[in-house]
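Everything below concerns the one structure shown next.
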Amino acid sequence: MIYELLHPVVTPLATAIWRPEVVGRDNVPMDGPVILASNHRSFIDSVVIPLTAPRQVAFLAKSEYFTGTGVKGWISREWFTGVGSIPVDRDDTRAAQKSLDLALAHLRGGGAFGIYPEGTRSRDGRLYRGRTGVAWLALEAGCPVVPVGLQGTQDIQPVGSRLPRRAKVRVEFGAPIHVAGRFDGVPQGRARRELTDEVMQRIRELSGQEWAGEYAQRSGETPA
């Protein structure tokens, strides 16, 4: 309900200010479960995709976004609640699997779910290897994956910037990747890896990014 109130107001306002170039909106199915898999350049990506997609898209969001205080906390809580974000406690030792379980439940309920297969933001602008959670979800839910290529979102709110800036942004929704029946008889691990690599190749074609060929390191991780 909050989404239905916010979207008709916020979307035209944001579009008037930033004037994003949006391509391929008709590639997103208007009903039924679907995964929107995107490259990840900025915190603002989780705002840009819900504003430009033709239907409500849920993302996972850390639980702190829902528990802040003061005006900033209220704005954060209302926004993430309004766009249908799913809160996740990142301090939970089973957070990764619980996140996938929550996303799967959302998909099985017929929703659209947004995910960043790289697992974290790209700090150097390159596109990193995808983690197989996106394929696990698609195969478990039996739903299509729409690859999304974002360009320019890293310039809206650069690291260290407190306020968003005007920047040239392009959002392209690619043709859906259908999974039904494609991996019958294929070992699960191989199927997930092949599908994830296909999704990343499609994202690369849409985003135009240089391929890193390795996994992005999350904050606190050390290279293997």
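In short: position in the sequence shown from 1, add 22, done, that's the working numbering.
Here a beta-carbon is modelled for each residue, glycine too, at the ideal position from N, C-alpha and C.
Element boundaries [beta strand (DSSP E), containing residue i]
i: residue 192; result: 192 to 195
i: residue 248; result: Since the first and last residues shown for the chain are 23 and 246, residue 248 lies out of range.
Integer-rounded CB distance, given that residue j should sit under 8 Å from residue i
i: residue 231; j: residue 49; result: At roughly 20 Å, the Cβ-Cβ gap does not stay under 8 Å, so residue 231 and residue 49 are not in contact.
i: residue 99; j: residue 76; result: About 26 Å; that fails the 8 Å criterion.
i: residue 228; j: residue 170; result: 7 Å
i: residue 209; j: residue 51; result: Residue 209 to residue 51, Cβ: 29 Å. No contact.
i: residue 74; j: residue 34; result: In fact, because the Cβ distance is near 12 Å, the residues do not count as touching under 8 Å.
i: residue 215; j: residue 154; result: 6 Å
i: residue 80; j: residue 108; result: 6 Å
Cβ pair residue i, residue j closer than 9 Å
i: residue 189; j: residue 206; result: no
i: residue 63; j: residue 161; result: no
i: residue 256; j: residue 201; result: Here the chain comprises residues numbered 23 to 246, so residue 256 is not present and cannot be evaluated.
i: residue 149; j: residue 234; result: yes
i: residue 82; j: residue 110; result: yes
i: residue 159; j: residue 185; result: no
i: residue 134; j: residue 55; result: yes
i: residue 142; j: residue 238; result: yes
i: residue 221; j: residue 132; result: no
i: residue 72; j: residue 106; result: yes
Extent of the continuous alpha helix (DSSP H) run through residue i
i: residue 107; result: Residue 107 -> no alpha helix (DSSP H), and no H or E assigned at all.
i: residue 155; result: 155 to 163
- Message: Could you tell me which whole beta strand (DSSP E) segments of length 3 or greater appear in the region 170 to 226?
- Response: Here the runs fully enclosed are 192 to 195.
- Item | Sequence ranges, beta strand (DSSP E) only - wholly within the region 42 to 130, length at least 3 | The qualifying runs are 43 to 45, 56 to 60, 82 to 84 and 108 to 110.
- Message: Can you confirm whether the region 66 to 81 touches the region 132 to 146 when touching is taken to mean that 3 or more C-beta pairs between the two stretches lie within less than 8 Å?
- Response: Three or more Cβ pairs closer than 8 Å define a contact, and the region 132 to 146 meets that threshold against the region 66 to 81.
- Item | Segment contact, 8 Å Cβ cut-off, at least three pairs: the region 88 to 107 with the region 189 to 200 | No contact exists between the region 88 to 107 and the region 189 to 200.
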